Each structure stands twice: as C-alpha cells, then as structure tokens.
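Protein sequence lines correspond, in order, to chains A and B. Using our numbering, read the first sequence as starting at 1 and increasing by one per residue. Using our numbering, read the second sequence as starting at 273 and increasing by one per residue.
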Amino acid sequence: MIKEDTRADVRERPRIGVYALTSCYGCQLMMATVSDILEVANVFDIRCFYMVSSASTMDEEVDIAFVEGSVSTEKDLKEILEIRKNCKTLVAMGACAVHGGVQSWAEGNLSYDEIYEEVYGDDKIDMPGLQAAPISQYVHVDYSLPGCPPEEDEIMYFLTTFLVGSFPEQKDYPVCAECRTTGNPCILIESNVPCLGSVTTAGCGARCITFNVPCIGCRGPVPHNTAWFDALATVFKKRGFTEEFVRARLKIFAAHNKNLDKMLKKAFGGDK
Amino acid sequence: MTDKIVQSIDIDHVARIEGKAGIEVHFDGADVKIAHVNIFEGPRFFEAITVGRPVEEAVAVFPRVCSFCAAAHKITAVLAAENALRIEPTEQTTKIRELCYLGDHIESHALHLFFLALPDFLGFPDAFSMGKVHKDLIKTAIALKDIGADIQTVIGSRYIHQENVLIGGFGRLPSRRNMEGLATRLKGLFNMAEDALEVLVSFPNWSEVEGERLHLALRPVGEEYGVFGDTVEATDGTKFKTHAYRMRIQELVIPHSFAKHSRYQDRTFVTGALSRVTLFGDLLSGRSKELVEMYSDFLDPNNPLANNFAQAVELVHWIRRAHTIAFDLAKSMRDESRVEYKLGKEQSGVAVTEAPRGMLAYTIRVDSKGVITKSDIITPTAMFLPVMEEDLKRLTAALLNVGTEKEEIAQKLQTVVRSYDPCVSCSVHITDVE
C-alpha cells in the first residue's frame, strides 16, 4: 500500500541520493525504471536524483548514497569526496563505480596521454582529465552493486534491505551456478566459445547464455576466490583459450579488480 | 546603471537530461556575451580503448557509450563491423534489428517526453510528483516505456546494453509467439501513443527562441519513414552518401571540450526527430501523417521546442510501425543461423543510422586477424550542441529585452536544453559561442 506523503513521513523515511560520475547513466536508468519506482519514491525520501528530478541537490546529507560511474575528471573526484562526506552508507552502483568500467579497459596497457592522443590528436583541451578509476580508489565503499547495468531485482534487494535496517549480501558464486539451474547447455564445452560464466559473479540468471551468447563478464570476477576452479574455470586452458585472452576479456569490465590475476593464475594452474 | 554591470546566469546541473551538464550565460544589459553549455562528463575514449581488441569484443563495448540509446549504438556498430567484414545481414535479421531499434526509439521518446520534458510544462519537479496529480499520464508513460523496453529485451536480451545483437545475426532468435505477444500489446497502445501530443498541443512554442537552422537526416530506405538509409539529406537541398560522412561532416577539437565539434560545409546544423519530420515527414503514413498535417504549426523547423512535438508524432508512428513488423514476423519468422564471415585484408566499414536523438555515425577498421585498428564515432548530441547554444543566447537576449526575471530565464533555458533531449554521455563538451 502506498503511503501518503505527509510531513511526518518525510522525516521518518530513509533519505537517499543517486549520483553520477563519468558513465553511460544506465545504472540510474535501471533504478529510475524499476517496476515499483512509484512506491520506491514513496517509501524513501529521494534528496538527489538529477536524472529524474529538478528538486535535486548535491550538498545535502543522506542516509544512503548510490553512486554510478568512474572517477574520470578532477570534478568527479571532488564530487565523490563530497558525497562520501554527506552520506552514512555508500553504494558503488554498476561496473564503472565498482571496477572502473569499460573506460578502464586500457588500464595497464596505455597511459592517459596515449589514449588521449588516439582520440584528440595533438589538440589541447583545458579540462583536467584523469585515468578512469573505481570510486574505491578514492573513498571507502560500503557495498558494491555489480553489473553493466545492475539487475532490477538486485536494485530492489539493496533498497529493501536498507529500508528494513539490514544490509545487502554479496553473491559469491559464479554465473555457471545460475546457468545450470536455468537448464542451458554449457556453450563453453559444447560450442567451444569463450564464455566467462565460471569466473563471473552471478546475479543475472545467466541472461546472455540463455540467448546463446557467451558471458563477457559484465558483473566482474567472483569475489572471495570462489570461482569454479575445480570445474569449468579450468576448461579455458583445455579448450585452447590462453590466460592472456581471458584476462583481456575480463578487463573489459573489471580492469581494476584486485583479485583478477590471482583468480586467473589459479584457473590456469600457474601455481603448480 | 545596474544594467551595465556584467551579470550571469549559472545553472550548475541541468536536471532531467541524460548526463551531467550546466548552463552558463553572461550578459551586459540585454547584450548576451556568452552562452555556454558546460558538460561535466569525463572522457570515455571509446575510439581509443577498442583499438587492438577483437571486433566481437568491441561491438559488445560500444553500446556502453550511452544507456538511453544503447541499442542504437549496438546496431550501428554491428552494421559498420559487418560492412568492414564485407558481409550482408539477411532480410529477416534486418527486420528484427529494425524492430529492436524502434523499441529503443519508443522507450527513449517515452522517457524523454513524459519523465523529462512534460513535468516542465505541467509544473512539476519530476514525474513522481506529476504522477500523483496526473495518474493516467504516468500510467501511459510507463506502458509506453515498458513496451519499448520489452521489445529490446525480447530481441536483444535486455533493454540497456543488449548482448543478443551480434555480427551476422543473433545468438538466439525470438520466437513467433514472442512476436505475437509484442504485436498484441503494441496494437493495444495505439491510442495511448497519442497522449504526449495531446498534452503538448496546449503549450505553443515560444517564438523568442526561433532562429533559422540547417537540418540533416538520413533518407530512409524504401518508402517508409524509418531508421536505416545510405544517403544523408540537408534542408539546403544538398546530400551525400553515408560512406562519405567523414569528408562531409568535419570534426573540430576545441580547446575546452572533450567532445569534438561537428560542422557540415562549415555550418552548424541540427539532427533528430524534428529534422526527420522536417525532411521526410511526407513519408509518414496513416495516423501520424494526419497528425503532422493537423498540427503543422507546432512542427516549426526553426524552433527547437518543436522537437518535443516531432518526438510525440514519431511515438505514434513508431508504435504502429513496430506493430506492423512484429505482426509480420509472428507469421514469417523462420530459423536462421548467423551469417559467418571470413577474415581477409584490413578494411574499413561505415554505418550511419537514425538514433532517437539523430544521426549516429560509425567507422570501424578491422585487420586480417579480426582486430580493430581504427574506430570513429560521431554522436547526434555532438552534432547539435553548437546550435543549442545559439538558441540559448537568442532566448536570453529576447527575454532580457522584455525585462524577464533571471530566475524565469533560467527555467526557460533548461526547458530549451531538454527539448533537444541531449545525450551528454555521448559527448563531453564545453564550448563558447561569441
């Protein structure tokens, strides 16, 4: 049942802010278009959500801040520091905020100057840019909501746990687990396509594999070293996919993930 | 003497647009010195980070340029890649892609009109508060947004960053039953699709912002108003083949902008729904044609606010066109595998399509190993931003002349920016009109 918007309620409702750094605005679009958005707008006090409301402000305190995007400019950096100061709980929302996102793909291969030159040549621009980085590089992040974009049910899960005063738990199993329960054939084994499901965090319900499209790892590496090392993660090597190939593909969305190399070493038996 | 002091209007963050942009206007009396659209999005370097990567991975990354028009980026990138690999999609694939693309237009136009633009005209800060008063309107908004999103999900796997649109075809084809379901829902929305236009016709365009401009749009293939084509036409009577877009549309890097500036034969120009209706409105048919004729006064090519009306008319057309395609596919869809490609020598491919906000151009160069060696993207927002700034300057001057308060000017400037439906993620940009 939708509560009436009375002043007493406004004081009790958790205050949330939805903020954007450099990104495609897809995470906010997901959040703005969840099917229960009108109820979300009623049970929370939305203080900042520039994409949907002109009654937004950056410098107000909120209980929970959802931040989309990577830190890619000095202005982004200034804003994320301010957001952290103004919120109690900070959620990194989506691949860019969590792992730097696709704009970090060249991380470790090309410097900021080299990427800049490819796009803009010798011409100069007077705005200070930064090598794209996840927000955790600059501020403490309380929770991470993975995905490019995040799934609707996970956004609702995060919101509802905060609403009841609890906290969201991270998924620590790979897409393969969901793919098995969905009943898909394994396209890595049967069609020999480089599907990243065994090393990618679950939560999407194996969406792409259900469409016969290999997983490209948009939800990032499985946390806590719980990829399927004893099963499908070791199949890459047997099928002739090199560690470098899989690393480059995982880096599309997770260039800044600290667990990446360790996970790949284990999957390719580098420690033996 | 106060009117001699240089004053300014600063809007740090324009709400209800895709991306982060501000407006900065400086004036001396009624003499407007500067009108800036400051865009604070950081650079994302899609043209650089995809170099050296396999073309299959690159086309998965390109839709991430923008969430509101992800399908547009995905389909255009795939078409450019196919062109580089010298393969042709099948007729059925083209039809399914067109339906997916129309899903993007429907979703994007519905979001823009109901969630971003209409609250201005009806006097609300956002669609949530507007929905408390105008319950039917928000129901319509959600129904239209949903069908646009669901078309893309059924075909492309999801409505933001579709993965099931691939070089050569699809991983899995939607079923005939899927198409039947979409066709039935689309038919039920024919009336609702007119609601945005119904609200808008109570709000005439502001004459203060009027000014001549050049429109560019893609002539649709066949006789039907649509999104694919191979020739670009302009309102000055000139035209060029899409393969020559890099010759005809110049890109300039300007000192304080991460978005390159576009010019057509040294002139600024606009692109988008209003350009399409202006140039090819005669190709509309049935109800949308009737509406264009009925409300031609509102579709003034020289008024940016008319873009809202053009989108509202397109919404009527896209819903009907999508219905026709879905209905047809529900009967004709057959199993088909992806067209395979052979890697040959290094070659470039080009594709230009009509995205919700206007022309979107891609060039992709692929080498003999299937690796990208060069890519070039021009987005519609980068094309029309210079004209938008000319409009802001003209509007400010006209309003100052009649003594309008700063606060009201600021509101109106934001309404004009929204009418363009800018997609800031696509183009990072700060510029100076003097």
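We put the CB at the ideal spot given by N, CA and C, even for glycine. All values derive from a computational prediction rather than experimental measurement.
| Residues in the region 209-220 of chain A having any Cβ partner in chain B nearer than 7 Å | F211, N212, V213, I216
| field | Presumed contact (8 Å Cβ cut-off) between B:R336 and A:C24, rounded CB distance | value | 5 Å
| message | Check whether the region 544-563 of chain B and the region 589-600 of chain B are in contact - that is, three or more C-beta pairs closer than 8 Å. | response | yes
| Segments of 4+ residues assigned as alpha helix (DSSP H) that fall wholly inside the region 175-237 of chain A | 175-182, 187-190, 207-210
| Within-7 Å CB hit, B:S697 to chain A | yes
| Distance between B:H515 and B:I521 (C-alpha atoms, nearest Å) | 11 Å
| request: Tell me whether B:G460 is buried or exposed, calling it buried when 16 or more other Cβ atoms sit within 10 Å of its Cβ. | output: exposed
| message | Please tell me whether A:A8 has its Cβ less than 7 Å away from any Cβ of chain B. | response | With a pLDDT of 46 at A:A8, under the threshold of 50, the modelled position of that residue is not reliable, and the figure given next carries that caveat. Cβ-Cβ to chain B under 7 Å: no for A:A8.
| request: Spell out whether any CB of chain B is found under 7 Å from the CB atom of A:A205. | output: The displayed chain sequence assigns Gly, not Ala, to residue 205 of chain A. For A:G205, the answer is no, since every Cβ of chain B falls outside 7 Å of its Cβ.
| Any C-beta of chain A sitting closer than 7 Å to the C-beta of B:I389? | Here residue 389 of chain B turns out to be Ala, not Ile, going by the sequence shown. Judged by the 7 Å Cβ criterion, B:A389 is not in contact with chain A.
| field | Cutoff 6 Å; reference B:K346; Cβ partners in own chain excluding five residues on either side | value | P335, Q434, V437
| Same chain only: Cβ atoms within 6 Å of A:G26, ignoring 5 sequence neighbours per side | P149
| query | Can you name the start and end residues of the beta strand (DSSP E) that A:V91 belongs to? | reply | 87-93
| said: Short of 8 Å Cβ to Cβ, which residues in the region 443-457 of chain B face chain E? | reply: Looking for chain E here will not work: the only protein chains present are A and B.
| request: Report yes or no: do three or more beta-carbon pairs, one from the region 590-607 of chain B and one from the region 442-453 of chain B, lie closer than 8 Å? | output: yes
| How long is the line joining the alpha carbons of B:L672 and B:V585, rounded to whole angstroms? | 33 Å
| message | Tell me the residue span of the alpha helix (DSSP H) that contains B:L351. | response | 342-356
| said: Taking 7 Å as the threshold (C-beta atoms), are A:N257 and A:P221 in contact? | reply: yes
| Residues in its own chain within less than 6 Å of A:C176 by CB, not counting five upstream and five downstream? | G197, S198, W228, L232
| field | Local Cβ density within 10 Å of A:H140, reported as buried at 16 or more and exposed below that | value | exposed
| field | A:E118: contacting residues in chain B (beta-carbon distance under 7 Å) | value | E319, A320, V323
| task | Name the two residues that bound the continuous alpha helix (DSSP H) containing A:S144. | result | No alpha helix (DSSP H) contains A:S144, which is instead part of the beta strand (DSSP E) from 143-145.
| Where does the unbroken beta strand (DSSP E) through A:C48 begin, and where does it stop? | 45-49
| request: On a CA-only basis, which of B:E562, B:S534, B:D572 is nearest B:S547? Give me that one, please. | output: B:D572
| said: Using 7 Å as the threshold, is the C-beta distance between B:H487 and B:V542 below it? | reply: yes
| said: Tell me the rounded alpha-carbon separation between B:S691 and B:A413. | reply: 17 Å
| said: Closer than 7 Å between beta carbons: that is the criterion. Which residues of the region 361-373 of chain B meet it against chain A? | reply: none
| message | Could you give the first and the last residue of the continuous alpha helix (DSSP H) run that contains B:H589? | response | 578-604
| task | For the region 164-179 of chain A and the region 244-263 of chain A, state whether three or more C-beta atom pairs, one from each stretch, are separated by less than 8 Å. | result | no
| request: Quick one: which unbroken alpha helix (DSSP H) runs of 4-plus residues sit fully inside the region 472-534 of chain B? Chain order, please. | output: 517-520
| Whole-number beta carbon distance between A:G69 and A:L21, since they are thought to touch under 8 Å | 3 Å
| task | Have a look at A:N192, A:G269, A:F245 and flag the residue whose alpha-carbon is nearest the alpha-carbon of A:R239. | result | A:N192
| said: Could you check whether the Cβ of A:E118 sits closer than 6 Å to any heavy atom belonging to the ligand ADP? | reply: Absence of the ligand ADP from the depicted structure is noted, as is the absence of any ligand whatsoever, leaving it without description.
| task | Give the straight-line distance between the Cα atoms of B:K407 and A:M93, rounded to the nearest whole angstrom. | result | 30 Å
| request: Let me know if B:R358 comes out buried or exposed under the rule of 16 or more other beta-carbons within 10 Å of its beta-carbon. | output: exposed
| query | How long is the line joining the alpha carbons of A:K272 and B:F656, rounded to whole angstroms? | reply | Low local confidence applies: a pLDDT of 49 at A:K272 is under 50, so the model's placement there is unreliable, and no value is given.
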